[in-house]
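Asks: In the working numbering, the protein residues as written are 992 to 1578.
What follows is a structure written as structure tokens; I'll ask about it next.
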């Protein structure tokens, strides 16, 4: 099939990796097309928290991070073989990517968020960066509704946008949380001009803020974005270089030539059950993923493998505990709810189906998922596990999609939820019988947890023993904000699945984001970034934003490499200014 049209660069996927590759390539003077198979653009990134993990970013002036500290930390936490050159390229190029991002006008601020292994050498609490709220209508009233919208679970009452500060204020019922609710509602309804356009909140927060800022710059540079356009296959020339791709638009197939490069940035394979069964030691179900439903099915990985690409780290996901509830007003359909921080709140514990604890529940959500997998391989009694809690927990905290009692009292919980999605009993013994867990085992696990809560120390798993754990505990609970007695009836349980934020493994790439074949040789003109590619971190999750940080960085790296090969050195708008500021952050 001959190509109907051609571009210098074709990017497959419209999330953070693809958007950055397109923005940087356009800035370097290349013609760029983004193809996105879904009807809305922005990818998983647009519905994420939007956090970027960037070591040595320079935003903190003279008390900053260092290359050496970042590498020391990463080498201390990674437990599988990784490409050392690729890991070092990430540490070196992430600050350059951030410099470019701020130079083109994307505002970035540093948060106070401990690395996920806070006690390891080189760990810090300032590597996670966010983009402030973005006015979505800056994209244009015909464009802003077309960006993928945040999940209902991340919006107040399923409607009103919240930034991370507002989210955590409400999540913890922190001081002033009622004023926060009033402010959010008032802000939305006083925006009368946007209400004339549609129901969607003009305030793009979290991942939508990041993607809104980037796409404003992408579209201003003439990049073409086509939705409903899915990758079918990659085509190669006589030398084995990728020269074109076949795509599908509502059944119409056609070919697009890529003169200098194709960047695969189409996400992972978490919604492909066949690939999960092939790669994962405990496959789980696609439905437990918290990424957009049926979106990331591994088409780019499959297309890459068909032309000889190799893969790496495919046995790992970006794990996060999730639970399932019926959709409001549509009980035959279900929503997935994250329980990343709920499982570590005081007055609760998690047990496997033998009634035994298996993890520090307050640990990072990825490590929680790894513990679920390890326990299931050892006992066959995990995935799902059970989050067990008492009335004290129920009063204040959410349990996945079950909102705190102050927002969703038991009397307001739909009757068909009880005994199927949620379980409640006046005694631990009755609760254990409902969820088919050994009574004596559950009672013993709870008794031990209550003793830990009284002493303030968890000798079994160290819950609440580091800065990350305590950040999401309850500061009103002493002596350990993560440990509280499970003693007040009624008692509750919800099943917790090993969900994910995507897959860690994918196409094997080098430090220049080039896709490698089975012999480790780059496939000409083919690049990958984001969850399409194997994570530079192997099996670990260094800190908040460790998916988006590498996605942006290797999208940036791929575009640079393509531009260098195409001979477009320092020819694009602002490139001379960028070279003067390379490695420097413009606030």
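Even for Gly, the Cβ is constructed at its ideal location relative to N, Cα and C.
Given residue 1238, which residues of its chain have a CB within under 8 Å of its CB, disregarding the five upstream and five downstream residues?
Replies: For the purposes of this step, residue 1238 is taken as the residue at position 247 of the chain shown. Excluding positions up to five away in sequence, the list reads 1026, 1220, 1221, 1222, 1223, 1244, 1245, 1246 and 1247.
Asks: Count the C-beta pairs between the region 1467 to 1480 and the region 1045 to 1061 that are closer than 8 Å, then say yes if the count reaches three, no if not.
Replies: They do not touch, by the three-pair rule.
Asks: Any chance the region 1225 to 1232 sits against the region 1515 to 1532, with 3 or more Cβ pairs inside 8 Å?
Replies: A contact exists between the region 1225 to 1232 and the region 1515 to 1532.
Asks: Just confirm the distance between the C-beta atoms of residue 1482 and residue 1416, as a whole number of angstroms; I'd bet it's less than 8 Å.
Replies: Translated into positions along the chain shown, residue 1482 becomes position 491. Translated into positions along the chain shown, residue 1416 becomes position 425. That belief holds up - the Cβ atoms of residue 1482 and residue 1416 are roughly 6 Å apart, short of 8 Å.
Asks: Contact check, residue 1132 vs residue 1188 under 8 Å by CB: the rounded distance?
Replies: As a working note, residue 1132 is residue 141 in the chain shown. As a working note, residue 1188 is residue 197 in the chain shown. Their Cβ separation, rounded to whole angstroms, is 5 Å, which keeps residue 1132 and residue 1188 in contact under 8 Å.
Asks: At the level of alpha carbons, what is the spacing between residue 1362 and residue 1354?
Replies: Taking the first residue of the chain shown as position 1, residue 1362 is located at position 371. Taking the first residue of the chain shown as position 1, residue 1354 is located at position 363. For residue 1362 and residue 1354, the distance between alpha carbons rounds to 10 Å.
Asks: Given this structure, state the Cα-to-Cα distance separating residue 1521 from residue 1480, to the nearest angstrom.
Replies: The residue labelled residue 1521 in the question sits at position 530 within the chain shown. The residue labelled residue 1480 in the question sits at position 489 within the chain shown. Approximately 46 Å between the Cα atoms of the pair.
Asks: Below 8 Å, how does it come out for the region 1250 to 1261 and the region 995 to 1013: are there three or more Cβ pairs, yes or no?
Replies: Touching, yes.
Asks: Out of 1209, 1064, 1393 and 1041, state which residue places its alpha-carbon closest to the alpha-carbon of residue 1531.
Replies: One-based indexing of the chain shown puts residue 1531 at position 540. Residue 1064 is the option with its Cα nearest to residue 1531.
Asks: Residue 1041 and residue 1004: beta carbons closer than 9 Å?
Replies: Here residue 1041 refers to the residue found at position 50 of the chain shown. Here residue 1004 refers to the residue found at position 13 of the chain shown. No, the Cβ-Cβ distance between residue 1041 and residue 1004 is not below 9 Å.
Asks: Are the CB atoms of residue 1118 and residue 1067 within a distance shorter than 9 Å?
Replies: Along the chain shown, one-based indexing puts residue 1067 at 76. Along the chain shown, one-based indexing puts residue 1118 at 127. Not closer than 9 Å, so no.
Asks: Identify the residues that DSSP records as bridge partners of residue 1252: which are they?
Replies: Start at 1 with the first residue of the chain shown, and residue 1252 comes out as number 261. Paired residues: 1000.
Asks: Please specify which runs of the beta strand (DSSP E), each continuous and at least 3 residues long, are wholly inside the region 1248 to 1332, giving them in chain order.
Replies: You should have 1308 to 1318 and 1321 to 1329.
Asks: Taking buried to mean at least 16 other C-beta atoms within 10 Å of its own C-beta, is residue 1093 buried or exposed?
Replies: Mapped onto the chain shown, residue 1093 falls at position 102. When all chains shown are included, residue 1093 counts as buried.
Asks: Pairs of beta-carbons, one from the region 1435 to 1446 and one from the region 1300 to 1317, closer than 8 Å: are there three or more?
Replies: No, they do not touch.
Asks: Looking at residue 1319 and residue 1487, is the spacing between their C-beta atoms short of 9 Å?
Replies: Taking the first residue of the chain shown as 1, we reach residue 1487 at position 496. Taking the first residue of the chain shown as 1, we reach residue 1319 at position 328. No, they are not a contact pair.
Asks: Is the Cβ-Cβ distance between residue 1275 and residue 1489 less than 9 Å?
Replies: Reading the chain shown from its first residue, position 284 is the one you call residue 1275. Reading the chain shown from its first residue, position 498 is the one you call residue 1489. Yes, the Cβ-Cβ distance between residue 1275 and residue 1489 is below 9 Å.
Asks: Can you tell me where the beta strand (DSSP E) with residue 1506 in it begins and where it stops?
Replies: Here residue 1506 refers to the residue found at position 515 when the chain shown is read from its first residue. Run containing residue 1506: 1505 to 1507, per the beta strand (DSSP E) assignment.
Asks: Would a C-beta distance cut-off of 9 Å place residue 1089 and residue 1206 closer than the cut-off?
Replies: As a first step, residue 1089 is located in the chain shown; it is residue number 98 there, counting from the start. As a first step, residue 1206 is located in the chain shown; it is residue number 215 there, counting from the start. Going by C-beta atoms, residue 1089 is not nearer than 9 Å to residue 1206.
Asks: DSSP state of residue 1164, grouped into three classes?
Replies: Sequence index remark: in the chain shown, residue 1164 carries index 173 (1-based). Of the three classes helix, strand and coil, the one that applies to residue 1164 here is coil, per DSSP.
Asks: Spatial neighbours of residue 1586 within its chain, please: CB distance less than 8 Å, with the 5 preceding and 5 following residues excluded, ordered by chain position.
Replies: A question about residue 1586 goes unanswered here, because the residues of the chain that appear run from 992 up to 1578.
Asks: Would DSSP call residue 1079 helix, strand or coil?
Replies: Here the question's residue 1079 lines up with position 88 in the chain shown. The answer is helix: DSSP assigns residue 1079 an H, G or I state.
Asks: For a test of the three-state rule: what should DSSP assign to residue 1238, helix, strand or coil?
Replies: Stepping through the chain shown from its first residue, residue 1238 is reached at position 247. Strand at residue 1238.
Asks: Once you ignore the five residues that flank residue 1412 on each side, which residues in its own chain have a CB closer than 6 Å to its CB?
Replies: The residue you call residue 1412 lines up with position 421 of the chain shown. Counting only Cβ-Cβ distances below 6 Å, and skipping sequence neighbours, we find 1316.
Asks: How long is the line joining the alpha carbons of residue 1297 and residue 1200, rounded to whole angstroms?
Replies: In the chain shown, counting from the first residue as 1, residue 1297 sits at position 306. In the chain shown, counting from the first residue as 1, residue 1200 sits at position 209. Roughly 36 Å separates the two Cα atoms.
Asks: Please report the straight-line C-alpha distance between residue 1028 and residue 1218, rounded to a whole angstrom.
Replies: Taking the first residue of the chain shown as position 1, residue 1028 is located at position 37. Taking the first residue of the chain shown as position 1, residue 1218 is located at position 227. Roughly 6 Å between the two C-alpha positions.
Asks: Kindly indicate the opening and closing residues of the alpha helix (DSSP H) around residue 1385.
Replies: Position 394 of the chain shown, counted from the start, is the residue given in the question as residue 1385. Its alpha helix (DSSP H) spans residues 1382 to 1387.
Asks: Skipping 5 residues on each side, what residues in its chain have a beta carbon closer than 7 Å to that of residue 1081?
Replies: As a first step, residue 1081 is located in the chain shown; it is residue number 90 there, counting from the start. Cβ neighbours of residue 1081 beyond the five flanking positions: 1527, 1541 and 1544.
Asks: For residue 1310, count neighbouring C-beta atoms within 10 Å of its own C-beta (all shown protein chains included) and say buried if the count is 16 or more, exposed if not.
Replies: As a working note, residue 1310 is residue 319 in the chain shown. Under this definition residue 1310 is a buried residue.
Asks: For residue 1302, which option in 1007, 1533 and 1513 has the closest C-alpha, if you only look at C-alpha atoms?
Replies: Walking along the chain shown from the start, residue 1302 turns up at place 311. Ranking 1007, 1533 and 1513 by Cα distance to residue 1302 puts 1513 first.
Asks: Go to residue 1551, then tell me how far its alpha helix (DSSP H) extends in each direction, as first and last residue.
Replies: Position 560 of the chain shown, counting from 1, holds the residue named residue 1551. Per DSSP, residue 1551 belongs to the alpha helix (DSSP H) from 1539 to 1557.
Asks: Excluding five sequence neighbours on each side, which residues of the same chain lie with their C-beta closer than 7 Å to the C-beta of residue 1001?
Replies: Here the question's residue 1001 lines up with position 10 in the chain shown. Around residue 1001: 1024, 1026, 1236, 1247, 1249 and 1253.
Asks: Taking just the CA atoms, how far does residue 1387 sit from residue 995?
Replies: Position 4 of the chain shown, counting from 1, holds the residue named residue 995. Position 396 of the chain shown, counting from 1, holds the residue named residue 1387. Roughly 59 Å separates the two Cα atoms.
Asks: Assuming residue 1032 and residue 1125 form a contact by the criterion Cβ under 8 Å, report the distance between their Cβ atoms to the nearest whole angstrom.
Replies: The residue you call residue 1032 lines up with position 41 of the chain shown. The residue you call residue 1125 lines up with position 134 of the chain shown. In fact, because the Cβ distance is near 15 Å, the residues do not count as touching under 8 Å.
Asks: To the nearest angstrom, report how far apart residue 999 and residue 1021 are at their CA atoms.
Replies: The residue you call residue 999 lines up with position 8 of the chain shown. The residue you call residue 1021 lines up with position 30 of the chain shown. Computed Cα separation, rounded: 6 Å.
Asks: Under 9 Å, do residue 1258 and residue 1536 count as touching if we go by C-beta distance?
Replies: Translated into the one-based positions of the chain shown, residue 1258 becomes position 267. Translated into the one-based positions of the chain shown, residue 1536 becomes position 545. No; because the gap between Cβ atoms is not below 9 Å, this pair is not in contact.
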